[in-house]
Each structure stands twice: as C-alpha cells, then as structure tokens.
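Q: Just dropping this structure here.
Chains as they are written, first to last, in this note's numbering: chain A, -17 to 364; chain B, -17 to 364; chain C, -17 to 364; chain D, -17 to 364.
Dropping the structure here:
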C-alpha cells in the first residue's frame, strides 16, 4: 500500500495548476509508492489561494511560504513561483529536510544555483527541477534511441523555441501573467524561460556544451510595469540565438524568441548522426520523426512515429489509453512526478537534479554573457 | 457552491477508466454546478473491482450492477460495459430515476434503442450517449464554423475510421479486451464500434442521412472464443464501407476497418462546401484543417489551425493551459461531462441524448442491412 | 544512332502541350531508340495551329486530322482531342499502320473501345493510352513494392480524385477549356475524366474490379453551352463515388468530384495490406508514404519517401537531377514516351495498351450504370 | 518574331544540363524576345562534349573555352564550370562583349568577384549569376508578399541548407562529381555552395546583412584526391552555421551542412514579421507556408499554399499546366532564362547581377573569416 505523501505547493499560477494536476492524477495511472495528499497551497493573494484550494481539494491555504516550508506535516515542497523566489524557498526547504520539486530555470544566476545545489546536497533531500519536456514520451524515446547508439557519431544538434505572445508593445512587464518580462522576477527573458528547456534536453541527449557565441535582442525597449504603473526599460532578452560546440565534437544551433509570428510554443529539436537522425516538435508532441540510413535505399524516408503505443513499445504510454490516442502537455508533469516518487522510494536521485540543472544554468549564463560581450564564451564546468 | 453528485460507474475497463478520469478532473478545470463524488464501481471480478476502487478512490465496489442502479445514494449511473448490457441497465436506471451516461453505441439494435429512449423519456431523467469525439475542441470548432454558415451549400461529407489491431488471426473473440470481436457482446463490428462515431459526428455536422449502400466483409472468418475456448465463426463485420445521401443533398462516403495496416485510431472527416472546406483527424486531434475560398487568390491554402488557444477563441481551451500546448484524447470526456453537468443544473437535454443516438443506430442498422441485402436501404426516421 | 520518329499530334490544347513537351525532352534525358521529330500539329482553328507549330517547332500544321493519319511521312499519331473523337481517329490511324498514343479515357463507351482494340490489334500497331500517372516515379515505385510481395494479402484499396473548378454555375459547358462538362464531347463527367485515372492505377496495382455500387450526382443541373449559346441540361456526372470488390478479395472505395473546395487535382490512393501499406497523392507527387509492419515496434511509423534518388533507387530518377530535387507533373509524360519508344524498338506492347484501357472503360461503364440503376453491377470481363 | 540568340555553354556537367534544358524549353512556354539556338558546348573531354552535343542538339563542341568566348557567332556565354574558372572566363567573355550567365557562387573570393563586376560593367554586357532558387514560384511569391508590406517589421530570418552526401569518408575530393570537396576548385565548402543560395535569397528578401559570427567545421579531415590519387587534407568547410544582424534590425540564423543524415537538398527559410510569417523548403518547393495574424482568431493557422495556380495568381505558373499540377526544380532555370532574355530585350539589368552576387560573396567571405577568427566580422559594403 502506497504511503501518503503530504504535498505543499508554493504558487498557484500556471505551474501551480500543472503540478496540482499531476499530484491528482499520478496514482490513478501509475503504481506509485507514495499517494500524494494535497495539504496546502500557498500564494500571494489569500482569496485566490482559498479559491484554488477549494477547486483542487487542498486541505488548507496560506500566503506565507515559510509556513509551508516549516510545517512538519509536509513531506514535499513544490516551488511554482517566479524565478527570483526559487533560491530562498528551496534553500529553506532543504534545511527543513523536505523533498523538493522546483520549477525551471533553477535560479536567477549560477551563484544562486550553486547555493541551492549545496543546500540540497548537504541536506540529502530528494530534489528535481521541472524540465518537464524530458518526459514527453517522444522525447524520452529519443533519449532511448540515442543511448542505444543508433545515431552513431553526432554531427549536429539544433533546437528552437518560438513564441509570439509579446510582439505587441502593449503587453506589460511584471504582474501575474507577465512577470516573465520583468528582469527582476525572471532574471532573463527567453534564455531562462525557453532556451533553458532546449539546453536541458540537449545536455541530456548530447552531452556538455563547451563554448557559445550568442546574439540577443530586446525588440521592445520599454514596457509599462504592472506593479509600478510606469513605463520602464525592458531588461530581458526578447530573442536569443546562439551557436555552440558540444564536447562530443558536434555543432549546435539554438534559437528562441517571443517574436516569431504564428508560433505559440514551438519547441523543436533535431539531431543528425552518422547513421540516423531524430526530430521532434512540441506542437505535435506525440510524434517523433526518425530517419534511419540503414533502411533499404528505395524505401528510406523520415518516419513519423505516433508515440502512442500502449503495448509497451513507447515510454510511459502503457499507463494511458490505447494505440493512436494522444496524450498532451500536462502528462509530462505526471510522468515526472511518477519518476520522482519512484526515486524517493528507492532513494535514488531523479534527473534532472538541482546539480544537473545547474549545468543548464551555466550554459544560459555563458549565452547571456556572450550576448553582451560579442565574444565566444566558455561554459563553466564543461 | 457545487452540489455533490454521487457517481456509480458500471464497468471498469477502458471506458471505466476514461469516465473515472473525467469525474476526477472536471471540477479542477471547469466551474461545474455539481462536484462528482465517486461512490461505487461495479464490475465482473470482485478483486479487480476492488483494485480499481482503491486506485481511483471509489468509496465502494460491487459485482452486481443492480445494486448500483437501485442505490438511493447514487445520482448518476454511468454505463461502461459491453453493448449487449446497455439496454437492461439503462432501462433499470431510468426507472430508478437516475441520470444516465451510456457508452456508445446506444444499443445492439434499433428495437433495443427505442426501448431505451422510451424509458429515459418516460422517466424524464438526464441522459447522454458518450460520443465523445464531438467534444474534441477541433471537432466542436468545426460544428461552430458550420453553424455560422461559413461553408455554404454542402456537397460532400467523407469520413473514415481506420485501425489495424485485428489483422492477426490469433486475436481471439470474446473476453475482456476482445469482446468487440464477439457479435453476441458487440452486436456488430466496426459499424457499431467505429462508424457509429463517424455517423454521430456526421448527423451533427451535416444533418440526416437518408439512404445507404454498404459493403461489409469479415476477413478472418473464424477466431477462438475466449469464453468457450473453441474456434467459432466470427459474426462481426471486420470492415464496412458505405456511400449515402444526406437530406441536404450532399453525398456521403464512409469507411471503417480494423485491417488498415499502419493506422491505429485514424478517425478522419472532411466536409466540402461551396464556400469552404473542413478536415480533421484523430491522430492529430488538436488541429483543424480549414480552407476558405474567400481568402485572397494568391494566398489561398489549407490552414492548419492549432486548436489550443486559451484566449477564448477555441472551444473548451480556456479551461486548460496556454496557446500551443496540446490536450489529448481523455479531455473529450471531461468536456462531455462538464456539459452534461451544466445541462443537469439547467434542466436541459445535452446532446447526444439517447434519442439522438437512436438516429445513429438507425443509420448503422441500414448500413448493416444493406451490407447483407446488396441494395440501397432507406434510413428509418430520416 | 537513334532513328527518326516522325510525329503528328492531333489536338493543340492542354494535352497537346504535355505531349509536345515530352517529344521535345525525351531524347535529352533518356537513351531512346527513336529521336522524335515534330512533323505536324493538327487542330480546329488554323491560326492557332500555326501559332502552336511556330512555338513548338512543328514543321507544319493542318486543321484536317485525316491528313495526319493518311500522311505516309508520319510514324506516330498522337491523339489529344476530346473523347468523342478518339475512336474514329484511332481506328483510321490503325488502318494506316501508325503507332498510336491516345489520351484517356480510351473512348466514349465500351462499344467504341472494343472497336478501337480490334482495330489496333488487327493492324498490329504499337498502341498506348495515356494514363500518365502510372509513370510518376512514386506511383511506379508503389507498383514495384506491390510486385515484390511486400504488402502481403491486400485488404483495402481507396482512391479519390478531388477538384473544385466547376463549383460556380457560371462555368459553361462545351468549348475549348470546358468541353469536359459537355456530355456529347466527354461521354461522362468525373468518371471518365478523373476516376478513369484512379481505376487504371487500381487495376494495375491490385487486379480486376469485379462489381461496383455507385452514387453519381450532377450538382449544377443546367449550364450555358459555349457552342449553342443556350442554357442546356448538364449531362455529365459532377461527382461520383463508388464501392467495389476486387478479384483478390479486397474492398475498394473510390470518389471523384469537381466540388471539393480547396482541392485542385488531389488524386490520392492508399493500399492496406497484411504486412504493409502505401499511400500517395498528386499534390505532392514526389513523395510516397510507406508503412512497414516489420519495422521494429517502437520505431514504426509512416515513412515519407522523397522519391528523388538519382542513384538508381527510384524509377526514372537516374535520368534527372540529384537527390532531393523534385520533378513535376510533365515528367510522367516523358517517362511514358520513353517507355513507349523502347517498346516500339523491342516490338513489345507497353502498358496500358488499348486492351488494358478497355478494362478501365468497363469499370467506368459499370460505375455509370450502377449510378443510374441503384444496383450493384458486375464489371464486364472481370 | 523572336530574334535568334546564339548560345555557347561552357561545362557539360550537372549545371550544363540544367541550363541546356532551359534554353530548349524557354520558348515553348514563354513569349521570349529571343529564340535560343544551341551553337556550342565546351568541356574537358572531347568525346563527352561530342556526346553531349549530340544528345542536346548543339551544332558543335569544343574543349577550349577561349574559342567559345572569342567566337563572333556566339551571343551569350553561359558558364557552368567549377568556381575557380568563373573569373577568367567571365572576364574574357565580357571583353568579347558577350551576354553572360554565370553559375553561382560568383567567384572564389571577393577580389575575383570585384574584377568580374568591373569587367561586365565596363563592357556594359548583360550579366546574371544563377541563383536559381529566387525563381521557384513559391520563393518569388514570398518576395512579392514582402514587397507588399504584408509582414510589417521583420524580427527574424532563418535559413538552412542541409544535405548528407559526404558523410562517408570514402567520398573523394576533386574530379567530376566531387570537385565541390576540393578547395582549389570550389574555394569553400558548404558556404559557397549552399549558404550562398540562402544568403542570396536573404539579401533579396530582407536586405543587407551587416555582421556575422560563424562556426565552421570539417568533419572528415582527409580524403583521397581524384586527380592526384593521394589522400590529402580537406580544405573546405563541411558544415557552417552563423548568426547575424541585418541592416533592418532583424536577427539571422543560418546553417548548412553535408552531414545532416536524411536530408538531401533541404533548403529552408522562414521569415517572422510583426504581422505575418512565411516559410518554405526545397523538398516541397511548390508550397509556401503563410501565417497571417490578421486572420480571424479562431481560424488562424499556417496556410499551405499550393503554388500552382495558372490563373495568374502565382508567379510564372500561368505558363505551365493547370492548378494542382506541380512543376519541379528545373523550372527555376527556365524562369531565370525567360527573365534574362526579357531584360536583354529591354536593355535592363536582371537580378541577381554580378554586382548583386558580389554582395553575397562579401557575406560568404565574412562568414568564412569569422569561422577562422572566432570573432564577429563586419560585412564589406553593408
């Protein structure tokens, strides 16, 4: 019988919802060693926290994150707040001996990230950063294919994350839905928000990135700030593109923007190896594109694999429906949680840990530095 | 505050899971007037019913469907068992005054269906048949587009539902996962299982079908029966294709099979109107294809609409995530339930009612009859 | 050294252009045993015939097709006129001992077709009907795949040919660009014009069609006739859909229309076999879709084969450019001509001969008959 | 009546064939002011030159390019030889007063290119560099859309040109089919061969590139040389990716490689503007992808425009077949030639002239320099 896992989530925004949903669903579909119990939701506005608690079935709510962290009746602290709050909450939770799931990116900068890693490792608590796209079944399948050596030597890795939601100069910075445009809350723009996903997957799939040359741009220079009500300079990167070298000798090409008209959340990657290639995109997340050079010549072609085979062929899909029936975005969080709970039971780290997420932070930092310096920058630790 | 809705589900198979999931999720995402409470799950094997109850949080379990139907502490009876059980359970539930959701197809045959309609209408209970694909947002959007008159006069409606899971002669008939191959349990093969979906959508989108000419085939003539252990004649249709006339003057073309190698659940439809066309398929259910002849000549083309706009543009999508992030198959059941609960509160019928599903049953019946007679057959009531 | 082949083309319309282009190009790309020499173009209006001759480099022009047929200095007569002229020209050309290429469909009806077959077979002249789509490389590759037994037992064959150019009631019947709407000139509508292509490919790929049930419709009942200037009843089928049985036990489903808004020349086919499936469409004619069930489970998917491999893997493509570079519609005529010339040199028939095209005519006739009778009709000779 | 244009082509390889084909076809489809007459083909091996002349109908052949250039009976010199021969032939042809079409890239380096520009401008001869992809109808349509201001402010331009034909270390350098791997003949690798196309289109579509940061790699360091028979160091770039700034403030991202397994000639570009976006790829060259933000919200989506409308809507397509029927790669050369002949008649320069191609050469040079220097490099003249 699964043991109860008492959950406190800090942040009831978009990520608070995706995480709450995962806790509600995970035991319906996975044989997990812990049965999550929603104990407390924490957020800035009490009425909203209460409404959220009612809607999702939380036993209580609070506006004080410290109460969550310090509560002995909480087993896991799940951090779903803006980036500038990650470090202090995570460090406090680690000290309190909680298991921790933290939204990405890990921190505002490498220094914070290093402190966070030190804290969780000193405390010896289970920890995970929510780079959820690793656990879209097609992306997980890509990793399995790579690990099986099916690609051979890798020549190229390219990834994009394209959106278009901030093209209008009327979109403000700061506030609930738009804190990602406020450098104080977010630390950076597309680099920390979107490229961090691309980089996390790339490091997982293709190993360390050693050096980068980046180009960043802020197309809309000033936006009204929701909290001050004033038009203020925009401190984030609206767009960032970089070229890089991987430790394995392959070349990388990455781009992210919120100014690609027509694309909403188009995270794409493609890997070209000596023997085969893989491609994927988030707009059709249930498909993996696969080209295998060893297929017979006249019949070679890119395969569109519908990653919905519940017969055991495709990662996680035996838990869901029947072949041909898609799952969606939210399921990546369920998979992540199922893996994390299993890791907790087995006392094994589950990727990406804070330490692994710090490697992504280092790449992001090198990218932002290069964007400013106009020079190739080495990546710390790689 | 939402009133409690006490739920009893009969059948813990594939559909028992999709419905249970919908009851668990609906109030997290929709502001529903009733808050579902999982009271009892009913199924054939007690240990399995118990395990299901534990996994999904049902308060109790039983192997006797009559206990569910007669229990005064149950508000809604949800029928997720094979087709040959629908009529008796639904009629009993109606007599007991329960709200009823019944899996499709409505019944084994029109006679049963008529009895069921009479029962629910006499009892005045809320009733719905779970043709869930109507509530895939792209399919709902198609209906809205049609209702807005954007297609003009309709010339053609074509739909397919292609699978490949019964090609092997080793697949048995009867039993838990394979009752759909047993004519006694299923009533028919692809016609009731798959074409019924296509027909339901077609009637909804395009109005009555008046006459049909069909071709049916059973490719594998004998299969071992799970319950008897003997090789027996297969009584279902493995494949069925038909041509038809709609009441509005348009021509229809439908095909379904479980022998289309490479397709798992490829439900597709396309509608060609004087002014515009629509196409959709279940393998990429979050997309709608749209061609509008009034677009400027040089720039005309089929649009691939990513039906994920949470800003209010796309049906149901304001309840989920952010633009670009897909939902999946299971969500159609959540939408269906949300609408049904809303209808119950407002004391309004919610489509497709038993009566509406009977119209689909009539078409299926005409199709099966035509497949045998080799003649054009008129559709009852159309 | 290639011998000269003296060419006379009758008809300078759309098909006159595609055939002229083939004669001009064939020896530049293929090592053909005959070098075509454009001797005479024949057409209704002398000034137009002359202009065509100048543009394409014909040595002469005429308005009298009999002069072409009777001219001893002509080796091959190529018939590119409306369907109602095919029989008399072909029969005369056969009597005169000419090699003959005739545009499809073979004739207005089976009786004419039988006479034509008798004439060419009695005369022993090389003869071919221009079902050019057989020689789109992807379609030819499909045939090769089928012949290699890679599909196993065939269950389903489906094909569509969808256009939208006659939706407007203002499109006239009769005349140069619109004779296809005039039953006197065309014999039938989409059945002879479009379905004939689908049927020719189907017979080639999948063997005889034995019986059919069809539905035909004329959406626009009256159109102005270009020649009479009067509004007259439309005698052709605007749309035709039929279901059928093949001799090999598989089921067929065909549809054609000129009322499918958004589709210009969307000829599609799909074949589902026990072991594999194939699909193709004319809007991306350089691609073949291929699903092979023997591919490893987790990596199975529909392949999109870019049929442009000049290294010998793909039919005809070694004659053109380099891998990745498409050819287009017109090349199917060049391939057809290259094969026909090779057959002439080797004194071997080249498919589809008049006799083979007569089999297609029989299917078309059964389809049109069924459309009127409302009954299943047997196909002559199958 | 069109005047004769006496053509001499130097080089009978792949490009010699594409250009010969264009001269043969152009007057069949376009009303051109000059009628090309194939006078002489020139190439290294006499027997091959003779065979080519026979196949294509050239009046004569030679192995000495100077004879072509100096022949008073030649009006146009068409240069289809490796890059290291372009300058001397073009300069001599200019001095001899010939019209000149030269294959891309213009030259081995900017210094050569500048000499060539000076020569043709001094001589006042019509001149064009064969960046043929500009005249794929979809690419030409993209230019028209941009010029009409439909995209608004441009934020991003990205282009790739991906191939996979040199992955094997067994592919040699030098010689007929592989001179592109020999730095002495080619000047550079993918930069001059493939990125030059991407850059030409980009400059045309989006204006000057001002600065670049590039990453180049040679994956296979040594290859056997066909001419020397020895294994020698490879001097070309196997892969090159660069980021850049355009003069209009947009960001660019370009990548090319011959090591992208599964891609044969995948030239792609995408342009993101404030109001709309465009995308295209060479593997489906007859389609243009178009997203227009001003489309109604619920129905917004990427359009796939089948650029085959002969009714005048799509560039060049009124010259070919009927809507829905594709043209291919070779037609871009026919269009280029038709435009060049028209320009000659009107005594107007036709883009891209040598001078315009020099701008592309400058970007290539900056890219190659940056690949070596590891620094951002300014582009000359921009």
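We put the beta carbon where it would ideally sit given N, CA and C, even for glycine.
Measure the CB-CB distance between residue 239 of chain A and residue 307 of chain A and report whether it falls below 8 Å.
A: Position 257 of the first chain holds residue 239 of chain A. Position 325 of the first chain holds residue 307 of chain A. The Cβ atoms of residue 239 of chain A and residue 307 of chain A lie no closer than 8 Å to each other.
Q: What first and last residue would you give for the beta strand (DSSP E) that runs through residue 47 of chain A?
A: On the first chain, position 65 is the one that residue 47 of chain A refers to. Here residue 47 of chain A belongs to no beta strand (DSSP E); instead the alpha helix (DSSP H) covers 47 to 52.
Q: For the region 134 to 152 of chain A and the region 110 to 126 of chain A, state whether three or more C-beta atom pairs, one from each stretch, are separated by less than 8 Å.
A: no
Q: Could you check where the alpha helix (DSSP H) with residue 84 of chain D kicks off and where it finishes?
A: Counting from 1 along the fourth chain, the entry for residue 84 of chain D is found at position 102. Residue 84 of chain D -> not in any alpha helix (DSSP H); beta strand (DSSP E) instead, spanning 81 to 85.
Q: Less than 8 Å separating the beta-carbons of residue 43 of chain B and residue 22 of chain B?
A: Against the second chain, residue 43 of chain B aligns to sequence position 61. Against the second chain, residue 22 of chain B aligns to sequence position 40. Their beta carbons are under 8 Å apart, which means residue 43 of chain B touches residue 22 of chain B by this criterion.
Q: Mind checking which residues open and close the beta strand (DSSP E) that includes residue 249 of chain B?
A: Stepping through the second chain from its first residue, residue 249 of chain B is reached at position 267. Looking at the DSSP string, the run of the beta strand (DSSP E) that includes residue 249 of chain B is 248 to 255.
Q: Is the region 245 to 264 of chain C in contact with the region 241 to 254 of chain A, if contact means three or more CB pairs nearer than 8 Å?
A: no
Q: Is the region 189 to 201 of chain A touching the region 213 to 230 of chain A, taking contact as three or more C-beta pairs under 8 Å?
A: yes
Q: State whether the region 331 to 344 of chain B contacts the region 94 to 114 of chain B, with contact taken as three or more CB pairs (one from each stretch) at a distance under 8 Å.
A: yes
Q: List the DSSP bridge partners of residue 190 of chain B.
A: As a first step, residue 190 of chain B is located in the second chain; it is residue number 208 there, counting from the start. For residue 190 of chain B, which the question treats as bridged, DSSP gives no partner whatsoever.
Q: Answer yes or no: do residue 208 of chain C and residue 160 of chain C have a C-beta to C-beta separation smaller than 8 Å?
A: Taking the third chain and counting its residues from 1, one reaches residue 208 of chain C at position 226. Taking the third chain and counting its residues from 1, one reaches residue 160 of chain C at position 178. Yes, they are a contact pair.
Q: Relative to the alpha-carbon of residue 317 of chain B, which residue among B:260, B:298 and B:125 has its alpha-carbon at the smallest distance?
A: Within the second chain, numbered from 1, the residue matching residue 317 of chain B stands at position 335. The candidate whose alpha carbon is nearest that of residue 317 of chain B is B:298.
Q: Just to confirm before moving on: does the CB-CB distance between residue 293 of chain C and residue 305 of chain C stay below 8 Å?
A: Stepping through the third chain from its first residue, residue 293 of chain C is reached at position 311. Stepping through the third chain from its first residue, residue 305 of chain C is reached at position 323. With contacts defined as CB atoms closer than 8 Å, residue 293 of chain C and residue 305 of chain C qualify as a contacting pair.
Q: May I have a chain-ordered list of the beta strand (DSSP E) segments no shorter than 3 residues that lie completely inside the region 194 to 271 of chain C?
A: 204 to 206, 213 to 215, 221 to 228, 233 to 239, 248 to 255 and 258 to 263
Q: Would you kindly work out how many angstroms separate the C-alpha atoms of residue 369 of chain B and residue 140 of chain B, rounded to a whole number?
A: The structure shown has nothing for residue 369 of chain B, since chain B only spans -17 to 364.
Q: So is residue 86 of chain C in contact with chain D if we call contact Cβ pairs under 8 Å?
A: As a working mapping, residue 86 of chain C is identified with position 104 in the third chain. Chain D, which has no Cβ nearer than 8 Å to the Cβ of residue 86 of chain C, makes this no.
Q: Pull out every residue of the region 271 to 303 of chain B whose Cβ sits closer than 9 Å to any Cβ of chain A, in chain order.
A: 288, 290, 291, 302 and 303
Q: At 7 Å on the CB atoms, spell out the chain C contacts of residue 241 of chain B, in chain order.
A: For the purposes of this step, residue 241 of chain B is identified with residue 259 of the second chain, where counting begins at 1. By Cβ distance, chain C contributes 137, 138 and 254.
Q: Starting from residue 301 of chain A, trace the beta strand (DSSP E) both ways and give me its first and last residue.
A: Counting from 1 along the first chain, the entry for residue 301 of chain A is found at position 319. Unbroken run through residue 301 of chain A: none, as it is neither H nor E.
Q: Starting from residue 43 of chain A, follow the beta strand (DSSP E) in both directions and report where the run begins and ends.
A: By 1-based counting over the first chain, the position of residue 43 of chain A is 61. Unbroken beta strand (DSSP E) run through residue 43 of chain A: 42 to 44.
Q: Does the distance from the C-beta atom of residue 102 of chain C to that of residue 127 of chain C stay below 8 Å?
A: Position 120 of the third chain holds residue 102 of chain C. Position 145 of the third chain holds residue 127 of chain C. No, the Cβ-Cβ distance between residue 102 of chain C and residue 127 of chain C is not below 8 Å.
Q: Would residue 449 of chain C and residue 226 of chain C qualify as a contact pair, given that the criterion is a beta-carbon distance under 8 Å?
A: The displayed coordinates of chain C run from -17 to 364. Any statement about residue 449 of chain C would go beyond what the structure contains.
Q: Are residue 105 of chain D and residue 72 of chain D close, meaning C-beta to C-beta below 8 Å?
A: Indexing the fourth chain from 1 puts residue 105 of chain D at position 123. Indexing the fourth chain from 1 puts residue 72 of chain D at position 90. No. Outside cutoff.
Q: Mapping DSSP to helix, strand and coil, what is residue 396 of chain D?
A: For chain D, the structure presents residues -17 to 364; residue 396 of chain D sits outside this window and is missing.
Q: Got a sec, what are the start and stop residues for the beta strand (DSSP E) residue -14 of chain B sits in?
A: The residue labelled residue -14 of chain B in the question sits at position 4 within the second chain. Where residue -14 of chain B is concerned, the enclosing beta strand (DSSP E) stretches over -15 to -8.
Q: Rounded to the nearest angstrom, what separates residue 65 of chain B and residue -11 of chain B at their Cα positions?
A: Here the question's residue 65 of chain B lines up with position 83 in the second chain. Here the question's residue -11 of chain B lines up with position 7 in the second chain. Rounded to the nearest angstrom, the two C-alpha atoms are 20 Å apart.
Q: Hey, residue 319 of chain A and residue 289 of chain A: beta-carbon distance below 8 Å or not?
A: Start at 1 with the first residue of the first chain, and residue 319 of chain A comes out as number 337. Start at 1 with the first residue of the first chain, and residue 289 of chain A comes out as number 307. Their beta carbons are not under 8 Å apart, which means residue 319 of chain A does not touch residue 289 of chain A by this criterion.
Q: Verify whether the separation of the beta carbon atoms of residue 283 of chain C and residue 61 of chain A is less than 8 Å.
A: For this step, residue 283 of chain C is matched to residue 301 along the third chain. For this step, residue 61 of chain A is matched to residue 79 along the first chain. No, these two residues do not count as a Cβ contact at 8 Å.
Q: Along chain D, which residues have their Cβ under 7 Å away from the Cβ of residue 266 of chain C?
A: Here residue 266 of chain C corresponds to residue number 284 of the third chain, with the count starting at 1. Residues of chain D passing the Cβ test: 266.
Q: Run down chain D in chain order and give the residues with a C-beta less than 9 Å from the C-beta of residue 218 of chain A.
A: Within the first chain, residue 218 of chain A is the residue found at index 236, counting from 1. In chain D, no part has a C-beta under 9 Å from the C-beta of residue 218 of chain A; the shortest such distance is about 15 Å.
Q: 8 Å is my cut-off, CB to CB: does residue 9 of chain A come that close to chain B?
A: Translated into positions along the first chain, residue 9 of chain A becomes position 27. Yes - at least one Cβ of chain B is within 8 Å of the one on residue 9 of chain A.
Q: For a test of the three-state rule: what should DSSP assign to residue 343 of chain C, helix, strand or coil?
A: Position 361 of the third chain holds residue 343 of chain C. Of the three classes helix, strand and coil, the one that applies to residue 343 of chain C here is helix, per DSSP.
Q: Counting C-beta neighbours from all protein chains within 10 Å, is the total for residue 109 of chain D 16 or more, i.e. buried, or is it exposed?
A: On the fourth chain, residue 109 of chain D is found 127 positions in, with the first residue counted as 1. Result: buried.
Q: Assuming residue -14 of chain C and residue 9 of chain C form a contact by the criterion Cβ under 8 Å, report the distance between their Cβ atoms to the nearest whole angstrom.
A: Position 4 of the third chain, counted from the start, is the residue given in the question as residue -14 of chain C. Position 27 of the third chain, counted from the start, is the residue given in the question as residue 9 of chain C. Contact flag wrong, Cβ pair sits at about 11 Å.
Q: Less than 8 Å between the C-beta atoms of residue 301 of chain B and residue 11 of chain B, yes or no?
A: If you number the second chain from 1, residue 301 of chain B lands on position 319. If you number the second chain from 1, residue 11 of chain B lands on position 29. Yes, Cβ-Cβ distance for residue 301 of chain B and residue 11 of chain B is below 8 Å.
Q: If we ignore side chains and look at the alpha-carbon of each, how far apart do residue 187 of chain D and residue 179 of chain D end up?
A: Residue numbering aside, residue 187 of chain D sits at position 205 when the fourth chain is read from its first letter. Residue numbering aside, residue 179 of chain D sits at position 197 when the fourth chain is read from its first letter. So the alpha carbons of these two residues sit roughly 12 Å apart.
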